[in-house]
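Enquirer: Quick one: this structure, given as structure tokens, is what I'll be asking you about.
Number of protein chains: 2
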Amino acid sequence: MSNKTTRNHIVEAADQLFYRQGYEHTSFSDIAVAVKISRGNFYYHFKSKDEILHAVIDARLASTRKMLESWEFEEKQPEVRIQNFIHILIANRAKIMHHGCPVGTLSTELIKQNHAAQAEAIQLFTLFRTWLCRQFALLGGKEDADMLAMHLLARSQGVATLANAFRDEKFIKNEVKQMCDWLSSYTQIATCKTDEHQACENVRR
Amino acid sequence: MSNKTTRNHIVEAADQLFYRQGYEHTSFSDIAVAVKISRGNFYYHFKSKDEILHAVIDARLASTRKMLESWEFEEKQPEVRIQNFIHILIANRAKIMHHGCPVGTLSTELIKQNHAAQAEAIQLFTLFRTWLCRQFALLGGKEDADMLAMHLLARSQGVATLANAFRDEKFIKNEVKQMCDWLSSYTQIATCKTDEHQACENVRR
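Chains as they are written, first to last, in our numbering: chain F, 10 to 214; chain U, 10 to 214.
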């Protein structure tokens, strides 16, 4: 394995372990065992678990950014883009029922431990928040866009927490449907407002 | 201090520490230091951190049961009782912004660690779920009562997670208002349905 590949393997293994069993509960040697490399080779890449955490958060930020950019590139309609976000709960439901949301559970854990990396972990939420905010602004709700983004992010987080506690797939599907209904009724109101505004503009002319 | 008082002091101190810094992050000796008693006296009451966890969850279950019973006793209207639940987010907002929800964060942590006490911790959610379900059934939505209970529990959890990540009091207040609006519009629909049902019954007679 090249050095870059080995480093990536360590980060991927740590990412999975932190998600499945928590950051504090995962030891430096748990990760070394999972990657199956010598301690010397391991230390060549990372000197501490904190360094690995930093790399894991960076990797998560990069992959999230990539996913959100591709949704924006592939879908013209902001409503469909937001639906993509809501459907993360369906796509990842098996993992969510077992381990919760990777963003929410890591942030919560690091905040509780008052860990130096808590602000970095929260950046993952900020990525989603900013992206959702932009989509709601495009839908016509410029003033409320951040509030709507936070509302949807919160609903998604709550569903993940309870799906994890009760391992309930039907609950996830039901809540996803409600979130999509909420979005579509919001979109209709926003469209009406825009039309009204357009009508007013037309009258003025 | 009597033996019972000492035991209670240990449980209260552990409860606070588990909430503020997490279960795994809190050591047996952190608790002993907080209670300021000798190691011998400590061991007389608890032999392990797991034993303390068990007592902490029991204490939380007892105090939650007491709170929910008092709401049911003091308020006749199920809608007002549910509003009381929603307003926990306001009453405890300072703590929630610092440490999240005590129920959600403990469950999530113990599930991730695959801890033997995870099912006990989830009982705290079940208490709220069952209680909310009963209130929604009283409001007239017998078939949907559990779904509505889970919906509200999820929204409350999501708000706690994001309030903790962003330390945003305005966000909490705004979401609480939205949850109360949602409840009141649901209550109106449920009342209409009951009235309609009553009207149908009257026609039949």
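Quick reminder that beta carbons are idealized off the backbone N, C-alpha and C, glycines included.
For residue 177 (chain F), which residues of its own chain have a beta-carbon under 8 Å away from its beta-carbon, when the five flanking residues on both sides are left out?
Expert: These residues qualify, in order along the chain: 106, 171.
Enquirer: Please go through the segment 75-106 of chain F and give each complete beta strand (DSSP E) segment of 3 or more residues, from N-terminal end onward.
Expert: Within the segment 75-106 of chain F, no complete beta strand (DSSP E) run reaches 3 residues.
Enquirer: Below 7 Å on C-beta distance, what does residue 173 (chain U) contact in chain F?
Expert: Correct list: 117, 120.
Enquirer: So which residues on chain F does residue 61 (chain U) lean against when the C-beta distance must stay under 7 Å?
Expert: Simply none; closest approach about 17 Å.
Enquirer: I need the boundaries of the alpha helix (DSSP H) containing residue 30 (chain U), first residue and last residue.
Expert: Start and end: 12-30.
Enquirer: Residue 145 (chain F): which of F:191, F:101, F:38, F:124 sits nearest, CA to CA?
Expert: Closest option to residue 145 (chain F), Cα to Cα, is F:191.
Enquirer: Scan the segment 28-54 of chain U for residues whose Cβ lies nearer than 8 Å to a Cβ of chain F and list them as they occur along the chain.
Expert: Answer set for the segment 28-54 of chain U: 29, 30, 31, 33, 34.
Enquirer: Is any beta-carbon of chain U found at less than 9 Å from that of residue 57 (chain F)?
Expert: Taking Cβ atoms only, chain U never reaches closer than 9 Å to residue 57 (chain F), which makes this a no.
Enquirer: Within 10 angstroms of the Cβ of residue 24 (chain F), are there 16 or more other Cβ atoms? Answer buried if so, exposed if not.
Expert: Residue 24 (chain F) is buried by the Cβ-count criterion.
Enquirer: When you compare the CB positions of residue 91 (chain F) and residue 141 (chain F), do they come within less than 9 Å of one another, or not?
Expert: Contact flag set, yes.
Enquirer: Can you pull the chain F residues whose beta carbon is under 7 Å from the beta carbon of residue 156 (chain U), in chain order?
Expert: Here the neighbours are 183.
Enquirer: Relative to the C-alpha of residue 17 (chain U), which candidate in U:33, U:67, U:48 has its C-alpha closest?
Expert: It is U:67.
Enquirer: Quick one: list the residues of chain F neighbouring residue 193 (chain U), beta-carbon separation under 7 Å, in chain order.
Expert: Within chain F, no residue comes near residue 193 (chain U); the closest Cβ sits about 17 Å away, beyond 7 Å.
Enquirer: On the DSSP letters alone, give me the boundaries of the alpha helix (DSSP H) that residue 160 (chain F) sits inside.
Expert: Residue 160 (chain F) -> alpha helix (DSSP H) spans 154-175.
Enquirer: Does the CB of residue 146 (chain U) have a neighbour CB from chain F at under 9 Å?
Expert: Taking Cβ atoms only, chain F never reaches closer than 9 Å to residue 146 (chain U), which makes this a no.
Enquirer: Any idea if residue 214 (chain U) is buried or exposed, counting beta-carbon neighbours within 10 angstroms, 16 or more meaning buried?
Expert: Unreliable placement is indicated for residue 214 (chain U), whose pLDDT of 48 sits below 50; no coordinate value is reported for it.
Enquirer: Of the residues U:183, U:39, U:94, U:196, which one's Cα is nearest the Cα of residue 139 (chain U)?
Expert: Comparing Cα positions, the closest option is U:94.
Enquirer: For residue 185 (chain U), collect the residues of the same chain with a Cβ closer than 8 Å to its Cβ; drop the 5 residues on either side in sequence, then sort them by chain order.
Expert: Result list for residue 185 (chain U): 95, 96, 98, 99, 168, in chain order.
Enquirer: Report, in whole angstroms, the separation of the C-beta atoms of residue 117 (chain F) and residue 117 (chain U), which I expect to be a contact under 8 Å.
Expert: Right, their Cβ atoms sit about 7 Å apart.
Enquirer: According to DSSP, simplified to helix, strand and coil, what is residue 196 (chain U)?
Expert: Here residue 196 (chain U) sits in helix by DSSP.
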